[in-house]
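Reviewing the structure listed below.
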Amino acid sequence: MSRFAIPRFRGIHNLSLLIVLVWLLTFTYHERYVPYKSAKSCLWPDLPEQHDSGRTDVLFIADPQLIDRHTYPKRNEILLKLSQHTVDVYIHKNYNSIMNNLKPDYVFFLGDYLDNGRSSTDEYFYNQLERFNKIFLRNDYTINENFFVNVAGNHDIGWADGVKLKAKARFMETFGNPNAIVNINDVDFVTLDSISLSSSVNNIRKESRQFLDENFADADSKRDKPRVLLTHVPLYRDVEVNKCGPLRENPVFHLGGGYQYKLALDQDISLEILKRIKPNIIFSGDDHDYCDINHTEVINDPVTREITVKSISMAMGIKYPGIQLLSFVNRDPENEYAPEFSYDTKLCYLPSPYACIATYVPLAILSGLLVLWWNIKHRSSRYNYSVLPIQSGASTNATKISNFLKEQEEGTSYSTSIPKYTSTSLAASEGYSFKDSLKFKISNFIKKWNIHGFFKQIILLAVLVILLYYIGFCLTL
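Using full-length UniProt numbering, you'd call the opening residue of the sequence shown number 1 and step up by one each time.
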């Protein structure tokens, strides 16, 4: 009967090839299959069957906030680069899978594109902008046509009185006007720079104030089209009454603030926005976690739903990053029997950010142990047997010679030392002997356990695995 046996690797190259193959399969699973599977499980919301021909699908992405030195000021350069790479690849591979599988008609970002856009020099800003574009821009989408990145976040321009006018002007030049109306399928998507509107400085708030006054002057008038409001900072709410719902990770929605940020707009500004714009639904960001509430502050007006969208980044303090989907249909103005505006929206989770790391680290340790095992198992035969193999019936002299050589090899010989005929002092002689003996023992240990060969092979294997990952799974994103 045959018994299970560990495969015999006759050369380190065979073992290395097997390890690289295992890494290839592991990378394929985590870097390609997991994002693909996650995206396939994310489906557009269901709408009534008669609406399908006129539906519009919109993807919302919040707070990519690409990390930099401002995010982790105490990390050394190597750790910072590794952190940036890890976060960027996580966003990029999942974003690509989402876009390839869902193929949204429109994409809207909700602010905070770079972690320190507001304080960056022009040179640094445009360098980081290339990084942002590399992750998100695609040939099948055009900025300000079906791809919108004009919602300004506090990390992009500052907050309220702290808004940096130079950063704001650069933002407008790069991403577009943060106060705008885009009509899609006869639905107005209203982008509002609520950050500048919150300022007490006229030079900062005047453009947002003018935008409201020109487009939504009459708070008593009825809206003539459905409206979707996009703002980076969420509107004020009574957190004791308006709970965010079961999909939120942190049960508390905080209303506080600090340097260059506030977690919700002031109550009076929020009320003015609701009265004037009268949105059917609001999408906001900034909080990084999910929140779904209904605003009932405006008397005699319909309830307004607000959804705060999860961050897409793994570095924003949430366990499960996510994106938001919106599907809607609108009435046909030429058909009085066509259905009115209706929509549905849903949260889609991205894969657990640390699952791949929890696999890669143990696999790296196991790979190293396998190479070490092979080197120990296949070390020179002189360390696996006595120096001179003794067969039964060997002469007494042969046994003595073998034992003597073994003692010399291991540094344990107790034979009579050779007389010293030099004039060297006793202390110097003893010091020299100790150093020489230590060097000999270290050298013997390295040779005995084949440590030199182990490090050479493990370095080569590490380089091969890193090149496989970078060329096969990063450059091809």
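Ideal Cβ placement from N, Cα and C applies to all residues, glycine included.
Since the structure is predicted, the reported quantities are computational estimates derived from the model, not experimental observations.
If you compare alpha carbons, which of the options is closest to residue i?
| i | options | result |
| --- | --- | --- |
| residue 38 | 370, 348 and 376 | 348 |
| residue 62 | 289, 458 and 369 | 289 |
| residue 472 | 89, 59 and 42 | 89 |
| residue 176 | 214, 45, 109 and 469 | 109 |
| residue 148 | 465, 190 and 161 | 190 |
| residue 453 | 157, 378 and 72 | 378 |
| residue 264 | 280, 291, 277 and 342 | 291 |
| residue 456 | 197, 193 and 371 | 371 |
| residue 161 | 195, 171 and 143 | 195 |
| residue 192 | 97, 174, 170 and 216 | 216 |
| residue 213 | 282, 277 and 250 | 277 |
| residue 352 | 17, 35 and 21 | 35 |
| residue 159 | 22, 13, 116 and 268 | 116 |
| residue 122 | 166, 81, 82 and 85 | 166 |
| residue 82 | 357, 364 and 283 | 357 |
Please report the distance separating the alpha-carbon of residue i from that of residue j.
| i | j | result |
| --- | --- | --- |
| residue 103 | residue 57 | 9 angstroms |
| residue 211 | residue 95 | 33 angstroms |
| residue 30 | residue 208 | 44 angstroms |
| residue 146 | residue 154 | 24 angstroms |
| residue 319 | residue 437 | 55 angstroms |
| residue 266 | residue 200 | 12 angstroms |
| residue 118 | residue 203 | 17 angstroms |
| residue 537 | residue 236 | The requested residue 537 is not part of the displayed model; the chain covers only 1 to 477. |
| residue 187 | residue 99 | 23 angstroms |
| residue 91 | residue 138 | 14 angstroms |
| residue 156 | residue 221 | 34 angstroms |
| residue 388 | residue 376 | At residue 388, the pLDDT of 48 sits below 50, so the modelled position is not reliable and the matter cannot be decided from this model. |
| residue 79 | residue 150 | 32 angstroms |
| residue 178 | residue 164 | 14 angstroms |
| residue 324 | residue 60 | 5 angstroms |
| residue 475 | residue 464 | 15 angstroms |
| residue 172 | residue 225 | 27 angstroms |
| residue 255 | residue 262 | 7 angstroms |
| residue 477 | residue 307 | 31 angstroms |
| residue 32 | residue 26 | 10 angstroms |
| residue 43 | residue 354 | 24 angstroms |
| residue 73 | residue 130 | 22 angstroms |
| residue 143 | residue 22 | 41 angstroms |
| residue 174 | residue 260 | 21 angstroms |
| residue 17 | residue 321 | 36 angstroms |
What's the call for residue i, buried or exposed, on a 16-neighbour Cβ count within 10 Å?
| i | result |
| --- | --- |
| residue 168 | buried |
| residue 252 | exposed |
| residue 350 | buried |
| residue 467 | exposed |
| residue 152 | buried |
| residue 258 | exposed |
| residue 120 | buried |
| residue 87 | buried |
| residue 127 | exposed |
| residue 433 | exposed |
| residue 41 | exposed |
| residue 369 | exposed |
| residue 223 | exposed |
| residue 135 | buried |
| residue 279 | buried |
| residue 461 | buried |
| residue 311 | buried |
| residue 93 | buried |
| residue 443 | exposed |
| residue 273 | buried |
Please go through the same chain and pick out, in chain order, the residues whose beta-carbon is closer than 6 angstroms to the beta-carbon of residue i, but skip the five residues on each side of it.
| i | result |
| --- | --- |
| residue 55 | 47, 327 and 329 |
| residue 373 | none |
| residue 294 | 303 and 305 |
| residue 182 | 189 |
| residue 141 | 147 |
| residue 286 | 232 and 233 |
| residue 19 | 367 |
Ignore the nearest five residues each way along the sequence and tell me which others in residue i's own chain have a CB closer than 8 angstroms to its CB.
| i | result |
| --- | --- |
| residue 132 | 64, 66, 113 and 114 |
| residue 275 | 219, 298 and 301 |
| residue 24 | 468 and 472 |
| residue 421 | Its pLDDT being 48, under 50, residue 421 is placed unreliably in this model, and the coordinates cannot settle the point. |
| residue 205 | 196, 197, 198 and 199 |
Apart from the five residues just before and just after residue i, which ones in its own chain have a Cβ nearer than 7 angstroms to its Cβ?
| i | result |
| --- | --- |
| residue 184 | 56 and 106 |
| residue 344 | 45, 46, 47 and 327 |
| residue 458 | 368 and 371 |
| residue 12 | 374 and 457 |
Measuring from the CB of residue i, is there a heavy atom of the ligand ADP at a distance below 7 angstroms?
| i | result |
| --- | --- |
| residue 132 | Among the components modelled here there is no ligand, and therefore nothing to report on the ligand ADP. |
- Message: With three or more beta-carbon pairs closer than 8 angstroms as the criterion, would you say the region 295 to 302 touches the region 322 to 332?
- Response: no
- Sufficient close CB pairs (3 or more, under 8 angstroms) joining the region 240 to 247 to the region 213 to 231: no
- Message: Below 8 angstroms, how does it come out for the region 306 to 321 and the region 64 to 84: are there three or more Cβ pairs, yes or no?
- Response: yes
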